[in-house]
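**Student:** Have a look at this one.
There are 2 protein chains.
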Amino acid sequence: MSLSREVSRSVDFERPLVTVDVVIFTVVDDRLCVLLVRRPDDEDEPFPGRWALPGGFVDVQQDASLLACAQRKLRAKTGVASPYLEQLGSWGDAKRDPRGWSSTHAYFALIARPASQEAGRTPAEWLPLDQALRRRLAFDHNVLLNAAIERLRGKVEYTSLPAFLLPEPFTLPQLQRVYEVVLDRALDKSAFRKRMLDADYLDEAGPVTGDHGRPAMGYRLRERERATVFPRGFKSGE
Amino acid sequence: MSLSREVSRSVDFERPLVTVDVVIFTVVDDRLCVLLVRRPDDEDEPFPGRWALPGGFVDVQQDASLLACAQRKLRAKTGVASPYLEQLGSWGDAKRDPRGWSSTHAYFALIARPASQEAGRTPAEWLPLDQALRRRLAFDHNVLLNAAIERLRGKVEYTSLPAFLLPEPFTLPQLQRVYEVVLDRALDKSAFRKRMLDADYLDEAGPVTGDHGRPAMGYRLRERERATVFPRGFKSGE
DNA sequence: ACAATAGTGTCTGTAAGACAGTATTGG
DNA sequence: CCAATACTGTCTTACAGACACTATTGT
Numbered sequence: 001m002s003l004s005r006e007v008s009r010s011v012d013f014e015r016p017l018v019t020v021d022v023v024i025f026t027v028v029d030d031r032l033c034v035l036l037v038r039r040p041d042d043e044d045e046p047f048p049g050r051w052a053l054p055g056g057f058v059d060v061q062q063d064a065s066l067l068a069c070a071q072r073k074l075r076a077k078t079g080v081a082s083p084y085l086e087q088l089g090s091w092g093d094a095k096r097d098p099r100g101w102s103s104t105h106a107y108f109a110l111i112a113r114p115a116s117q118e119a120g121r122t123p124a125e126w127l128p129l130d131q132a133l134r135r136r137l138a139f140d141h142n143v144l145l146n147a148a149i150e151r152l153r154g155k156v157e158y159t160s161l162p163a164f165l166l167p168e169p170f171t172l173p174q175l176q177r178v179y180e181v182v183l184d185r186a187l188d189k190s191a192f193r194k195r196m197l198d199a200d201y202l203d204e205a206g207p208v209t210g211d212h213g214r215p216a217m218g219y220r221l222r223e224r225e226r227a228t229v230f231p232r233g234f235k236s237g238e
Numbered sequence: 001m002s003l004s005r006e007v008s009r010s011v012d013f014e015r016p017l018v019t020v021d022v023v024i025f026t027v028v029d030d031r032l033c034v035l036l037v038r039r040p041d042d043e044d045e046p047f048p049g050r051w052a053l054p055g056g057f058v059d060v061q062q063d064a065s066l067l068a069c070a071q072r073k074l075r076a077k078t079g080v081a082s083p084y085l086e087q088l089g090s091w092g093d094a095k096r097d098p099r100g101w102s103s104t105h106a107y108f109a110l111i112a113r114p115a116s117q118e119a120g121r122t123p124a125e126w127l128p129l130d131q132a133l134r135r136r137l138a139f140d141h142n143v144l145l146n147a148a149i150e151r152l153r154g155k156v157e158y159t160s161l162p163a164f165l166l167p168e169p170f171t172l173p174q175l176q177r178v179y180e181v182v183l184d185r186a187l188d189k190s191a192f193r194k195r196m197l198d199a200d201y202l203d204e205a206g207p208v209t210g211d212h213g214r215p216a217m218g219y220r221l222r223e224r225e226r227a228t229v230f231p232r233g234f235k236s237g238e
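Quick mapping for you: the protein sequence lines, in order, are chains A and B. Under this note's numbering, the first sequence has 189 at position 189, and the numbering climbs by one with no breaks. Under this note's numbering, the second sequence has 182 at position 182, and the numbering climbs by one with no breaks.
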């Protein structure tokens with residue numbers, strides 16, 4: 001450190017541990033799934049052998065920022081480079097990690113189902129949401145997971161988020177199915193299509209032929225950087 | 001520390017600095033204001049003499065959690081015990097603090113205008129928003145402030161947040177004025193009143209007499225713990 | 001009586017949902 | 001021609017905004 005002693009003294013507090021965790025969603029066979037990893041069996045580690053969200057310590061040498069750290073962890077587990085990634089919130093207190101006062105910065109990510117089941121070295125698993133919710137995860141990761149689901153369900157009502165869960169090109173019926181899977185209720189076809197097309201966030205990408213019946217128009221996101229916000233939610237007087 | 005050496009070795013990373021900052025809003029004379037504090041003039045401190053958001057290091061001895069830390073800082077500056085307080089997000093990178101890799105957990109708070117201008121020891125000032133935005137604040141606090149304003153304006157469209165900016169009991173015309181101040185546009189009286197009363201989140205508290213004209217009904221929040229979310233925003237086809 | 005403010009009633013346009021209809025493919 | 005799926009058109013209804021109206025106070 002090249003700082004003078006006065007400056008470094010002003011920083012001479014006991015510092016909390018700082019981690020980043022990522023809740024990564026995808027859709028497999030019309031089911032919303034989340035990626036979990038197994039913690040090492042080493043008894044000196046906290047929560048040995050338990051399932052947890054992907055994450056870990058911020059590396060001040062390697063990570064330029066929190067976002068970069070989250071992207072690194074996501075890429076290490078999934079190999080996906082351009083996901084939808086947003087900050088979920090932060091959780092920090094004296095008790096959540098047995099090693100000491102710790103705070104985590106949680107992100108949540110939406111990706112299209114990766115071809116390969118495993119990409120990293122640590123055991124990882126795509127688990128349907130209902131099963132993941134029944135597991136007792138490491139740390140306070142059940143709290144984080146619940147927050148992520150709440151955020152996702154909430155935003156799906158009035159944004160284009162589900163489009164990031166599908167590989168391109170996708171059709172409107174496919175997209176509607178994803179909305180219905182996440183929201184766990186049926187949507188009206190006509191209203192749904194009007195919404196999507198009026199929002200003007202999709203580009204046509206030629207017809208896509210399915211197993212039976214009439215082929216559907218394929219679409220791509222015009223912008224993969226941000227989600228589109230619709231003027232209203234589904235079902236006003238819910 | 002009562003941990004074994006193996007465990008402490010697994011935590012032997014260089015730890016970032018961890019701070020909490022709070023963006024505190026109130027309304028004074030029909031203007032939205034934010035609380036700023038002056039950083040010490042000591043040349044060994046970063047950004048000496050500059051204005052900044054209230055905040056500082058997490059104290060792992062004193063603060064049980066991030067929220068408790070934010071509440072402590074808010075209370076120290078304003079004396080307010082039961083504000084509206086929500087997490088805004090976190091910002092962390094290698095460059096934002098000259099003392100090293102640092103991450104801050106930002107909160108934003110809404111309070112009724114305190115009677116006393118000053119409550120703490122450090123110089124503090126309620127500054128109208130437009131003036132605050134023109135200042136060059138310490139650290140990345142301009143970014144935090146902008147994020148807070150965006151969040152506030154966004155949520156005011158479809159929540160009861162402005163009610164937390166007024167002392168109770170307040171009248172519907174007063175509340176409407178606050179909405180208009182924050183949104184910086186006029187709202188229709190009839191639609192506004194329907195919205196507020198239909199949402200069923202206010203309790204009548206007897207008539208309140210103003211300077212001129214007919215007295216208005218006073219109201220209190222039925223629940224001060226959380227904001228009410230309206231089924232729709234103002235002005236659908238904006 | 002009048003100014004000033006609080007509160008209500010009525011009309012209208014918009015847009016989402018319901019649902020039935022048409023279109024296009026493969027077998 | 002039929003099954004299966006994609007897509008469109010029309011009707012209805014709910015509700016927010018516009019705006020004019022009534023109500024209640026002080027001077």
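Backbone N, C-alpha and C fix where the C-beta goes; we use that ideal spot for every residue, glycine too.
In the DSSP assignment, what residue or residues form a beta bridge with B:D203?
**Tutor:** B:R220
**Student:** Whose CA, out of B:A70, B:K95, B:P54 and B:G56, lies closest to the CA of A:Q61?
**Tutor:** B:K95
**Student:** For the stretch 160-215 of chain A, list the alpha helix (DSSP H) runs that are entirely contained and at least 4 residues long, ordered along the chain.
**Tutor:** Every alpha helix (DSSP H) stretch that sits fully inside the stretch 160-215 of chain A and reaches 4 residues is listed by chain position as 172-183 and 189-199.
**Student:** Quick one, are the C-beta atoms of B:L133 and B:L36 less than 9 Å apart?
**Tutor:** Taking 9 Å as the Cβ cut-off, B:L133 and B:L36 do not qualify as a contacting pair.
**Student:** Using 8 Å for Cβ pairs, my map puts B:L175 next to B:M196. What's the rounded Cβ distance?
**Tutor:** 7 Å
**Student:** Quick one: list the residues of chain A neighbouring B:V58, beta-carbon separation under 9 Å, in chain order.
**Tutor:** F13, R15, P16, G92, W101 and S103
**Student:** Using DSSP with H/G/I as helix, E/B as strand and the rest coil, what is A:I24?
**Tutor:** strand
**Student:** Are the stretch 157-171 of chain A and the stretch 203-211 of chain A touching, with three or more C-beta to C-beta distances below 8 Å?
**Tutor:** yes
**Student:** What whole-angstrom Cβ distance do B:F230 and B:T122 have, given they're in contact under 8 Å?
**Tutor:** Their Cβ separation, rounded to whole angstroms, is 38 Å, which puts B:F230 and B:T122 out of contact at 8 Å.
**Student:** Quick one: grab the DSSP three-state call for B:E238.
**Tutor:** Residue placement at B:E238 is poorly supported in this model, since its pLDDT is 37, which falls under 50; the coordinates still yield a value, given next. It is coil, neither helix nor strand.
**Student:** At 8 Å on the CB atoms, spell out the chain B contacts of A:L66, in chain order.
**Tutor:** S90, W91, G92, D93 and S103
**Student:** Is it buried or exposed, B:S102, if we count other Cβ atoms within 10 angstroms and call 16 or more buried?
**Tutor:** buried
**Student:** So, do the stretch 52-60 of chain A and the stretch 17-36 of chain A have three or more beta carbon pairs nearer to each other than 8 Å?
**Tutor:** yes
**Student:** Under the rule that 16 or more other beta-carbon atoms within 10 Å means buried, what is A:D30, buried or exposed?
**Tutor:** Classification of A:D30: exposed, given that the 10 Å Cβ count is below 16.
**Student:** With a Cβ-Cβ cutoff of 9 Å, do A:P162 and A:V28 count as a contact?
**Tutor:** no
**Student:** Is the shortest distance between the beta-carbon of B:Q131 and the beta-carbons of chain A less than 9 Å?
**Tutor:** no
**Student:** Indicate the three-state DSSP secondary structure (helix, strand or coil) for B:D130 in the structure shown.
**Tutor:** helix
**Student:** If you measure from the beta carbon of B:P231 to each beta carbon in chain A, is any gap under 9 Å?
**Tutor:** yes
**Student:** If we ignore side chains and look at the alpha-carbon of each, how far apart do A:V7 and B:R177 end up?
**Tutor:** Note that A:V7 has pLDDT 47, beneath the 50 cutoff, so the model's placement of it is unreliable and the number below is only indicative. Between A:V7 and B:R177, the C-alpha separation is close to 47 Å.
**Student:** When DSSP builds the beta bridges, which residues end up paired with B:D93?
**Tutor:** A:S65 and B:S102
**Student:** Tell me which residues share the same chain as B:A227 and place their Cβ nearer than 6 Å to its Cβ, disregarding the 5 neighbours each side in the sequence.
**Tutor:** If the five residues before and after B:A227 are omitted, its C-beta is found closer than 6 Å to the C-beta atoms of T159, S160 and L161, all from its own chain and listed in chain order.
**Student:** Could you list the residues in the stretch 75-90 of chain B with a C-beta less than 7 Å from some C-beta on chain A, going in chain order?
**Tutor:** Per Cβ criterion, the list reads Q87, G89 and S90.
**Student:** Start and end of the alpha helix (DSSP H) containing A:D154?
**Tutor:** A small fix is needed here, since residue 154 of chain A is Gly in this sequence, not Asp. Start and end: H141 to V156.
**Student:** With the cut-off set at 9 Å, would you say B:V20 and B:T78 are in Cβ contact?
**Tutor:** Cβ distance not < 9 Å, so B:V20 and B:T78 don't count as in contact.
**Student:** Report the option in B:F25, B:L32 and B:A64 whose CA atom is closest to the CA atom of A:P16.
**Tutor:** B:A64
**Student:** Kindly indicate which residue of B:E225, B:E204 and B:R232 has the alpha-carbon position closest to the one of B:Y219.
**Tutor:** B:E204
**Student:** Only counting runs of 3 or more residues, tell me where the beta strand (DSSP E) segments fall wholly within the stretch 25-57 of chain B, in order along the chain.
**Tutor:** 31-38 and 55-57
**Student:** Does chain A have any CB closer than 9 Å to the CB of B:Q61?
**Tutor:** yes
**Student:** Can you give me the C-alpha to C-alpha distance between A:L265 and B:F164, rounded to a whole angstrom?
**Tutor:** The displayed coordinates of chain A run from 1 to 238. Any statement about residue 265 of chain A would go beyond what the structure contains.
**Student:** Is B:L152 near B:F25, with beta carbons less than 9 Å apart?
**Tutor:** yes
**Student:** For A:R224 and A:Y107, what's the separation of their Cα atoms in angstroms?
**Tutor:** 17 Å
**Student:** Looking only at C-alpha atoms, which of B:G154, B:L145, B:L166 and B:V156 sits nearest to B:S90?
**Tutor:** Cα-wise, what sits closest to B:S90 is B:L145.
**Student:** Give me the DSSP bridge partner(s) of B:L110.
**Tutor:** Bridge partners of B:L110: B:F25 and B:Y84.
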